[in-house]
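Number of protein chains: 2
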Amino acid sequence: MDDIDKLGLSTAIAKARKSYQEGGIPIGAALVYHGSSTDPKDAVVLGCAHNSRIQKSSATLHGEIAALEDAGRLKAQVYRGSTMYTTLSPCLMCTGAILLYKIPRVVIGENESWVGGEELLKSQGVEVIVVDNAECKTLMKKFIVEKPEEWNEDIGEIQ
Amino acid sequence: MDDIDKLGLSTAIAKARKSYQEGGIPIGAALVYHGSSTDPKDAVVLGCAHNSRIQKSSATLHGEIAALEDAGRLKAQVYRGSTMYTTLSPCLMCTGAILLYKIPRVVIGENESWVGGEELLKSQGVEVIVVDNAECKTLMKKFIVEKPEEWNEDIGEIQ
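Chains A and B, in that order, are what the protein sequence lines are.
UniProt numbering puts the first residue of the first sequence at 1, with every later residue one more than the last.
UniProt numbering puts the first residue of the second sequence at 1, with every later residue one more than the last.
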């Protein structure tokens with residue numbers, strides 16, 4: 001991870017932490033534009049958010065979808081110079097959103113709790129980096145033990 | 001198409017028509033629960049909505065995502081007894097949402113204006129029916145000619 005990645009992932013983790021504190025699903029994401037730069041001074045956090053299934057009774061506001069929504073309407077070129085940071089391996093919906101907008105790079109906090117569409121992303125040429133972050137894992141594991149019904153609902157699994 | 005399909009697609013088309021009248025992208029969708037029944041009296045429209053990129057300045061409220069959001073939080077079993085109706089071939093984000101929730105069946109108004117993730121859906125065992133509906137095609141073709149920038153933005157294409 002370079003310094004922009006540290007900024008992006010820490011932004012996503014802060015959102016995940018907030019969601020957990022609110023009783024929600026602790027997954028956060030951030031969409032960061034940096035173009036070809038690796039200097040954090042050139043980075044712009046376009047959008048950041050957390051999963052809002054519980055807080056907003058939402059079936060679609062996973063962390064990454066919520067971050068894209070927070071970023072608002074953008075030109076295609078902006079997505080193509082951005083990285084999506086997410087605390088957990090992205091589900092197929094969020095994977096599809098990353099592919100729709102041709103976001104070229106995804107940094108994932110962890111994929112030990114659950115694995116989403118990483119192989120699909122890679123097959124389409126997206127760079128996928130999994131950093132195995134301890135706080136991301138701790139938050140998810142606590143939540144899955146505490147609220148297994150909500151977690152299964154979030155990933156479309158029968159309880 | 002059976003009678004439930006006629007109900008589902010006409011609901012999606014009505015939303016697409018409304019969006020066009022509002023100056024928005026004319027794509028509508030409806031999520032309809034019917035279990036194993038083909039009797040319209042057993043069908044429940046769980047959610048229906050239209051693309052709201054323009055109306056709500058949204059980067060993620062495509063027709064199908066908006067219909068899922070309109071349906072609210074549902075148990076996995078409900079999605080698995082439902083059909084998604086959409087006026088246009090679903091993009092990869094909406095395709096991914098259908099796969100996330102294991103919706104087994106998708107009825108598409110048309111795929112002449114644009115083709116999304118139909119092959120990915122089929123590869124995962126989803127039944128995909130394209131009905132080549134004239135009104136769906138007319139609405140999309142008018143919109144693409146009238147507002148090409150907004151259309152390209154919606155599908156992540158460089159203008």
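Using N, Cα and C, we set each Cβ at its ideal position, and we do this for glycine too.
On a predicted model such as this, the values are computed, not experimentally measured, just so you know.
Test item: CB-CB of residue i and residue j under 8 Å
i                        : j                        : result
serine 19 of chain A     : proline 26 of chain A    : yes
glutamate 135 of chain A : proline 104 of chain A   : no
glutamate 149 of chain B : glutamine 159 of chain B : yes
cysteine 48 of chain A   : aspartate 70 of chain A  : yes
Terminal residues of the alpha helix (DSSP H) in which residue i lies
i                         : result
valine 78 of chain B      : 76-79
threonine 86 of chain A   : Premise fails: threonine 86 of chain A lies in the beta strand (DSSP E), 82-88, not in any alpha helix (DSSP H).
tyrosine 20 of chain A    : 3-21
glycine 96 of chain B     : 92-100
isoleucine 108 of chain B : No alpha helix (DSSP H) contains isoleucine 108 of chain B, which is instead part of the beta strand (DSSP E) from 105-110.
glycine 47 of chain B     : Glycine 47 of chain B -> not in any alpha helix (DSSP H); beta strand (DSSP E) instead, spanning 44-50.
leucine 68 of chain A     : 63-71
isoleucine 54 of chain A  : 53-56
Unbroken beta strand (DSSP E) run spanning residue i, endpoints
i                        : result
valine 126 of chain A    : Segment: none, valine 126 of chain A is in no beta strand (DSSP E) and carries neither H nor E.
glutamate 146 of chain B : It is not in any beta strand (DSSP E) - glutamate 146 of chain B instead sits in the alpha helix (DSSP H) that spans 134-146.
alanine 29 of chain B    : 28-33
Whole-angstrom distance between residue j and residue i, CA atom to CA atom
i                         : j                         : result
glycine 63 of chain A     : threonine 138 of chain A  : 17 Å
lysine 142 of chain B     : glycine 23 of chain B     : 12 Å
glutamate 112 of chain B  : alanine 14 of chain A     : 44 Å
leucine 121 of chain A    : glycine 96 of chain A     : 8 Å
leucine 61 of chain A     : glutamine 77 of chain A   : 24 Å
alanine 66 of chain A     : aspartate 42 of chain A   : 23 Å
valine 106 of chain B     : threonine 87 of chain B   : 11 Å
leucine 68 of chain B     : aspartate 2 of chain A    : 37 Å
glutamate 119 of chain B  : isoleucine 129 of chain B : 12 Å
threonine 11 of chain A   : leucine 99 of chain B     : 28 Å
histidine 50 of chain B   : isoleucine 4 of chain B   : 20 Å
leucine 9 of chain B      : methionine 84 of chain B  : 9 Å
glutamate 153 of chain B  : alanine 30 of chain A     : 20 Å
lysine 56 of chain A      : serine 57 of chain B      : 19 Å
methionine 140 of chain B : glutamine 21 of chain B   : 13 Å
isoleucine 155 of chain B : serine 123 of chain A     : 20 Å
7 Å CB neighbourhood of residue i in its chain, flanking five on each side removed
i                         : result
leucine 92 of chain B     : Gly116, Gly117
isoleucine 144 of chain A : Ser113, Trp151
serine 89 of chain B      : Ile108, Asn111, Trp114, Val115, Gly116, Glu118
Sequence-distant residues of its chain with Cβ nearer than 8 Å to residue i (five each side left out)
i                      : result
glycine 125 of chain A : Pro104
leucine 7 of chain A   : Val32, Pro40, Ala43, Val45
residue 167 of chain A : For chain A, the structure presents residues 1 to 159; residue 167 of chain A sits outside this window and is missing.
Proximal residues to residue i (C-beta, below 6 Å), its chain only, five neighbours per side dropped
i                       : result
tyrosine 101 of chain A : Tyr79
glycine 81 of chain B   : Tyr33, Gly35
Beta-carbon separation (whole angstroms), residue i vs residue j, contact threshold 8 Å
i                        : j                        : result
arginine 73 of chain B   : alanine 59 of chain A    : 6 Å
aspartate 132 of chain B : glutamate 110 of chain B : 6 Å
glycine 28 of chain A    : alanine 16 of chain A    : 4 Å
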